[in-house]
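Undergrad:
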Amino acid sequence: MSNSEVAVSDPGTSVPGSETTTGHTSSLPRRVLRKAEPALAIAPFIIYTFLGLGVPSLAVVYYAFHANKGGWTWSNIHLVTHGIFLVGFENSIKLGLLSAIIPGILGVFLAYAIQTSNSNILRRLTSTGAGVLANFGGINLTFMFIATLGSTGILTYWLRDIGISLANFGFNLYTFSGVLFVYMYFQLPLMVLVVTPALGGLRQSWREAAENMGASSWSYWRYVGIPVLMPSILGGMLLLFGSAFAAYATAESLTLGVIALSPIQIGNFLNGNVIAGQTHVGYAIALGMLVILSITMIFYSLVRKRASKWLR
Amino acid sequence: MAPLSAGSVFEVSEIQNEPVPAFSSGSTKRRRHFRIWRLVVLVLAGAYFLIPLYAGIKFSLQNSAGHFSLQAYDKLPSAPGFSAALTLSLKIAVATMVVSTLLMVPTAIYVHVRLPQLRRVLDVVTVLPIVIPPIVLIVGVLGAYPLWAKSSPYLLSFMYVILAMPFVYRSLDAGLGAIDLKTLTEASRSLGGNWLKTMWRVVLPNIRPALLSATVLTLALVFGEYTMASLDLWQTIPVWIVQFSISSDGNIQVAASMLGLVGTWILLVAVVSLDRSQSRRTRRRMLG
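As they're listed, the protein sequences go chains A and B.
Residue 1 is where the first sequence starts when you use our numbering, and the numbers rise one by one after that.
Residue 1001 is where the second sequence starts when you use our numbering, and the numbers rise one by one after that.
Below you can see the structure in the form of structure tokens.
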């Protein structure tokens, strides 16, 4: 911290291009200081992010390739690409994909409905509410859904009164389908947040132009609206994938840690719920997650580049 | 979760100030169709989001016999472990907010004034905490850091600053982008203000709304974060709620959850409307 303060408060240095820059009077140490000033000012941030992001990530890579007794090994990697851990990755990817596509599509409709509604209060409420809900998760969410769809939940009662049993449809709150349904509670608002700016970029004049040329509502969306929105929608879905793929607290509290998802499996290793002497397997799973998420983010940045073309 | 979204709340609220007229042209029949369609979507979404909320609140307002009572909220402060967890969460929250402000504000201001070419790099770096999930980060932290660090609750603060970075930076970046920082700092300098005075009397008051919203979102993060706290074995509020729920009837924890959710929302709405009324006042002053 003090580094940047010292550097910026130096009165001899001023904003580049301003008239107060009088370089010729400065002594040698001052000139050195000025050269080093940007580096010094940005140093605390760089050091902090290295300690907080770089060191843990490097540790994950390092331990993933190390046996518990020490020494390089591929055995952790081999273990997590087979059997129950492979199932964990498969389930996580499946959950990520489903909870990216379903809330992704529904989120676009919802965002459009909210944006075109004439109610100012609705828009203001959703703009703050979506931010709160998109960060909502874990035990609070679990409680709310147990009170709603658990065996004594109010929606369960309401549906029973009209003769519907969700169990007959294969729905169980505490398994994969339940986790998917609960995840929508933060995935939908996230999609609304991501896609709303893109919807704002749809010009009224495009629609009018299409209509003047005799386009129906369907052909407007087919040839103008959806192609323009597509990069933003895809980008949003990739973000949703990452968010669902990495979520731990909600699935953990809802299924009490028995569902085979990669984050839960890492948690089980840390909590000591597995055979001793295998803790490094947890690091290998973490490495696998890092690899999958990196690929997702590369796609995201590619799609993002295209999306920004229409956003001005 | 993805903290990025929280940062974009403010972008959205700005954009949404201008309603998009959906169908100014087109037939009335189509318009009516669209209205029905929109109503269906909004009602379904409303049901999905409000029924669980209603169920949670209703459950927290019941006693064990199923009748209405405020018992759960009454008992909450004296529940075993609650006050210790609250104290711990508050301590971690204060440390996180202080460190986060001291780290991010000077960095963001400096980059804006002197190193605008670095803004792109910072954009990428501050998104990384979203890419690397908390569960992976905490595994790495527990593997890499020495015991003395792991035995301190402030290791959580240290990591929460990282987790909060995406939306703290985005909020500050938007706040700084909205003011003419260069002119302001140059004016302050030419009036004889030193760096500290410029920061304290000129820059900070101008980005107060951004600072405030970043603080509220950090607070919400600390009071909702479960993954890292539970795996680092510290009983913060979310961890307490989970562990306590195993040993009791449940109403009290649901009450605590609901207080947290509704509290965060109210705080956010308050900050956003404060921001709005303030900017309106400034505008009026400038016009009048």
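Ideal placement from N, C-alpha and C gives every residue a C-beta, glycine not left out.
(1) With DSSP collapsed to three states, give me the class of B:F1068.
(2) By DSSP, does B:Q1117 sit in helix, in strand, or in coil?
(3) In this structure, does DSSP put A:Q115 in helix, strand or coil?
(4) Are at least three pairs of beta-carbons, each pair with one atom in the region 277-295 of chain A and one in the region 238-248 of chain A, less than 8 Å apart?
(5) Can you name the residues of chain B whose CB is closer than 8 Å to the CB of A:G282?
(6) Among the candidates B:V1161, B:F1034, B:I1135 and B:A1093, whose CA atom is the shortest distance from the CA of A:T50?
(7) Roughly how many angstroms separate the alpha carbons of A:T152 and A:V87, rounded to a whole number?
(8) What does a CB cutoff of less than 8 Å around A:R306 pick up in its chain, not counting 5 residues either side in sequence?
(9) For A:A147, which residues in the same chain have their Cβ closer than 6 Å to its Cβ, ignoring the five residues on either side in sequence?
(10) Output needed for B:A1270: all residues of its chain with C-beta closer than 7 Å, excluding positions within five of it in sequence on either side, in chain order.
(11) Starting from A:H66, follow its DSSP beta bridges and name the residues at the other end.
(12) For the alpha helix (DSSP H) holding A:V192, just list the boundary residues, first then last.
(13) Buried or exposed: which applies to B:F1068, given that a residue is buried once 16 or more other Cβ atoms fall within 10 Å of its Cβ?
(14) Put B:Q1243 into one of helix, strand or coil per three-state DSSP.
(15) What are the uninterrupted segments assigned as beta strand (DSSP E) that are 3 or more residues long and contained completely in the region 1192-1268 of chain B, given in chain order?
(16) Here's a check: name, in chain order, each residue in its chain whose Cβ is nearer than 6 Å to the Cβ of A:L155, leaving out the five neighbours to either side.
(17) Mind checking if A:T148 is an interface residue toward chain B, Cβ cutoff 7 Å exclusive?
(18) Rounded to a whole number of angstroms, what is the C-alpha to C-alpha distance between A:W74 and B:V1222?
(19) Evaluate the contact criterion for the region 1254-1262 of chain B versus the region 170-186 of chain A: three or more CB pairs, one atom per stretch, below 8 Å.
(20) Determine whether the Cβ of A:S2 lies closer than 7 Å to any Cβ atom of chain B.
(21) Rounded to the nearest angstrom, how far is the Cβ of A:V32 from that of B:L1268, given a contact under 8 Å?
(22) Could you run through the region 97-123 of chain A and flag, in chain order, every residue whose CB is less than 7 Å away from some CB of chain B?
(23) Tell me which residue opens and which closes the alpha helix (DSSP H) that A:N168 is part of.
(24) Around the C-beta of B:W1148, are 16 or more other C-beta atoms found within 10 angstroms, so that it is buried, or is it exposed?
(25) For the pair the region 1039-1048 of chain B and the region 106-124 of chain A, tell me if three or more CB-CB distances fall below 8 Å.
(26) Is the separation between the beta-carbon of A:I285 and that of A:V80 shorter than 7 Å?
(27) CA-CA distance, B:T1087 and B:L1233?
(28) Tell me where the alpha helix (DSSP H) around A:W221 begins and ends.
(29) Is it right to say A:G280 is buried, meaning 16 or more other beta carbons lie within 10 angstroms of its own, or is it exposed?
(30) Let's see if you can read the secondary structure: which residues bound the alpha helix (DSSP H) around A:R160?
(31) How would you list, in chain order, the residues of chain A whose beta-carbon sits under 9 Å from the beta-carbon of B:K1091?
(32) Would you kindly check if the distance between the Cβ of A:A251 and the Cβ of A:P322 is under 7 Å?
(33) Within this structure, are the beta carbons of B:A1164 and B:T1218 separated by less than 7 Å?
(34) So A:F45 contacts chain B; which residues on that side make the cut at Cβ distance below 7 Å?
(35) Residue range of the alpha helix (DSSP H) that B:Y1154 falls in?
(36) Check each candidate in A:N168, A:R30 and A:G225 and name the one with the smallest Cα separation from A:V195.
TA: Well, looking at it:
(1) Strand, per DSSP.
(2) It is helical.
(3) In the three-state scheme derived from DSSP, where H, G and I count as helix and E and B as strand, A:Q115 is classed as helix.
(4) The answer is yes - the region 238-248 of chain A touches the region 277-295 of chain A, with three or more Cβ pairs under 8 Å.
(5) In chain order: V1139.
(6) Residue identity check: residue 50 of chain A is Phe in the sequence provided, not Thr. Ranking B:V1161, B:F1034, B:I1135 and B:A1093 by Cα distance to A:F50 puts B:V1161 first.
(7) Rounded to whole angstroms, A:T152 to A:V87 spans 32 Å at the Cα level.
(8) For A:R306, where only same-chain residues beyond five positions count, the Cβ hits under 8 Å are P231.
(9) Same-chain partners within the cutoff: G153.
(10) Hits under 7 Å: none found.
(11) A:H66 is bridged by DSSP to A:W72.
(12) Its alpha helix (DSSP H) spans residues F176 to G200.
(13) Exposed: under 16 other Cβ atoms inside 10 Å.
(14) In the three-state DSSP reduction, B:Q1243 falls in the helix class (H, G or I).
(15) Those beta strand (DSSP E) runs which fall completely within the region 1192-1268 of chain B and span 3+ residues do not exist here.
(16) Beyond the five residues adjoining it in sequence on each side, A:L155 comes within less than 6 Å, by CB distance, of T148 and L149 in the same chain, given in chain order.
(17) Proximity of A:T148 to chain B, defined by a Cβ-Cβ separation below 7 Å, is satisfied.
(18) Taking the straight line joining both Cα atoms gives about 37 Å.
(19) Judged by pairs of C-beta atoms under 8 Å, the region 1254-1262 of chain B does not touch the region 170-186 of chain A, as fewer than three such pairs exist.
(20) Bear in mind that the predicted position of A:S2 carries a pLDDT of just 38, short of 50, making it too unreliable to give a figure here.
(21) Not really, about 47 Å apart at Cβ, beyond 8 Å.
(22) If the cut-off is 7 Å between Cβ atoms, the region 97-123 of chain A has F109, L110, A113, Q115, T116, S117, N118 and R123 near chain B.
(23) Where A:N168 is concerned, there is no enclosing alpha helix (DSSP H), given that its DSSP letter is neither H nor E.
(24) Exposed, since its Cβ has fewer than 16 Cβ neighbours within 10 Å.
(25) Yes, the region 1039-1048 of chain B is in contact with the region 106-124 of chain A.
(26) Cβ atoms of A:I285 and A:V80: closer than 7 Å.
(27) If I take the Cα positions, the gap works out to 16 Å.
(28) Neither: A:W221 is in no alpha helix (DSSP H) and is coded neither H nor E.
(29) The sequence as given places His at residue 280 of chain A; Gly does not occur at that position. By the neighbour-count rule (16 or more Cβ atoms within 10 Å), A:H280 is buried.
(30) Residues I154 to D161.
(31) Taking the beta carbon of B:K1091 as reference, no residue of chain A falls within 9 Å; the closest one sits roughly 19 Å away.
(32) The structure shown does not extend to residue 322 of chain A, since chain A is modelled only from 1 through 312, so no value can be given for it.
(33) The Cβ-Cβ distance between B:A1164 and B:T1218 falls below 7 Å.
(34) Within 7 Å Cβ-Cβ: L1103 and T1107.
(35) Here the alpha helix (DSSP H) through B:Y1154 covers Y1154 to A1178.
(36) When only C-alpha atoms are compared, the closest one is A:G225.
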